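Here the structure is laid out as structure tokens; the discussion comes afterwards.
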Amino acid sequence: MTWNELKGQLVVVIVALLTTFIAYTSQIFVIWNFLGGASLHTLLILIPLNVFIILLYINYALVCLTDPGCVPENWVPDTQTHMEVKRSTHEPRFCKTCNNYKPPRTHHCSTCGRCVLKMDHHCPWINSCVGFHNYGHFIRFITYIEISAIYLFVLLGCRLAQVIHQMNEYNVHPPTLEAAFLAINLILSFAAIVTVGILSGYHVYCLTTNTTTIEGWEKGTALTMKSHSGKISDVKYPYNLGWYRNVCAVLGNQPLFWMWPQRMQGNGLYFPMRLQGEGEKRASTLMHEDTSEFATLVRKPSRLHTRASTSSNLRVPTTPASVLTFNTTSTLVDPLFTAKLPSSSTTKETAIELPCR
Ligand SMILES: [Zn+2]
Ligand SMILES: [Zn+2]
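Quick note: the sequence shown uses the numbering used here, first residue 147, plus one each step.
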């Protein structure tokens with residue numbers, strides 16, 4: 147085992163121990179006595195908290211132990227579906243390090259040393275990448291951290307208010323051990339609420355817009371380029387199917403079980419895509435009614451070599467999974483797809499490009 151591998155595993159152990167420390171020293175040394183010891187009232191308050199903590203542990207184990215998804219050996223792009231291509235050459239995206247084609251939304255993680263399906267980010271706290279198969283576990287994990295931390299903080303805050311009242315009114319001081327754990331856990335739970343809260347807020351945005359963290363950066367870059375270049379008319383994103391379908395795609399189709407641990411559906415190699423702009427409605431309808439009719443950007447990878455490109459003076463960011471819409475003569479929509487649309491659809495204004503780094 148290398149030092150880096152050992153360090154990664156140590157971080158996971160530290161996170162688990164820190165969680166245990168906050169969760170149980172708070173209850174044992176502060177909250178239990180504050181609530182009056184063993185009673186129905188105490189149980190009714192502590193049982194929900196401990197259910198959240200157990201779900202936190204389960205989802206932490208799942209996000210750490212579930213492989214985020216790797217590219218199957220000898221995988222080649224399916225010519226019957228859309229695929230991302232390199233902007234510069236219009237060739238299929240290919241990882242020279244792993245020596246394999248990259249499915250849509252796949253990126254190479256230099257830390258893991260391999261390509262990861264629908265890579266979101268490499269997370270040192272789980273010693274792994276967050277990708278297609280463990281993103282749902284990750285969402286549930288950070289949600290349960292946030293819920294548990296708020297729950298604990300409220301209980302500890304009530305005890306702090308009581309301590310201050312007793313000191314002021316009756317000059318009664320809490321035991322030193324309790325005071326120490328009260329102060330430490332108030333600080334730690336507050337820190338967790340703020341830091342994980344910011345992270346959770348961002349991932350609510352990612353979840354509801356079907357965006358990965360990497361794609362979020364790229365959309366930001368593309369929008370910056372748009373604001374500095376009059377030649378880019380718009381920046382659109384094809385994987386956003388509407389917030390409800392986006393959430394279902396990660397947490398499952400049954401809202402009642404969104405927060406219950408479950409396996410990811412699908413294989414992470416293909417994703418439904420919505421064309422936006424003019425012709426959006428028709429393209430979307432095609433996709434919903436029959437996926438075999440869905441827009442095909444590429445029939446054969448070799449065609450990409452010979453495809454006409456956008457005019458050479460267009461300055462577009464070299465970012466993967468960004469969709470840029472240009473308003474003139476872009477030719478990145480496959481003619482086969484164009485031909486499927488009714489003549490009323492002005493698809494010539496919908497240019498799609500899914501370039502690669
Ligand atoms: Zn790779
Ligand atoms: Zn990684």
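Quick reminder that beta carbons are idealized off the backbone N, C-alpha and C, glycines included. The structure displayed is predicted, hence computed values, not measured ones.
1. Measuring only from the beta carbon, is H254 closer than 8 Å to any heavy atom that is part of ligand 1?
2. Answer with buried or exposed for Q155, where buried requires no fewer than 16 other C-beta atoms within 10 angstroms of its C-beta.
3. Please work out which residues of its chain come closer than 6 Å, Cβ to Cβ, to L298, disregarding the five sequence neighbours upstream and downstream, and give them in chain order.
4. Is DSSP giving C258 helix, strand or coil here?
5. Within the present structure, is the beta-carbon of T243 separated from the nearest heavy atom of ligand 2 by less than 8 Å?
6. Tell me whether the beta-carbon of I293 lies closer than 9 Å to the beta-carbon of F198.
7. Please indicate yes or no: does the CB of F342 lie closer than 8 Å to some heavy atom of ligand 2?
8. Three or more C-beta pairs closer than 8 Å, one from the segment 254-269 and one from the segment 210-218: is that the case here?
9. Given the structure, does T212 come close to ligand 2, in the sense that its CB is under 8 Å from one of the ligand's heavy atoms?
10. Cβ of V318 within 8 Å of any heavy atom in ligand 2?
11. What span of residues does the alpha helix (DSSP H) with V309 cover, start to end?
12. To the nearest angstrom, report how far apart V309 and A329 are at their CA atoms.
13. Need the endpoints of the beta strand (DSSP E) that V350 sits in, please.
14. If you pair each beta-carbon of the segment 272-289 with each one of the segment 392-406, do three or more pairs fall below 8 Å?
15. For R409, does the count of other Cβ atoms within 10 angstroms reach 16, so buried, or fall short, so exposed?
16. Beta-carbon within less than 8 Å of C244's beta-carbon, same chain only, minus the 5 sequence neighbours each way: which residues are those?
So, from the data block:
1. yes
2. exposed
3. S172 and S335
4. coil
5. no
6. yes
7. Before going further, note that residue 342 is Val rather than Phe in the sequence given. Outside the cutoff, so no.
8. yes
9. no
10. no
11. Y281 to Y316
12. 11 Å
13. Looking at the DSSP string, V350 is not in any beta strand (DSSP E); the run it does join, the alpha helix (DSSP H), is T322 to T355.
14. yes
15. exposed
16. V217, H254, R260 and C261
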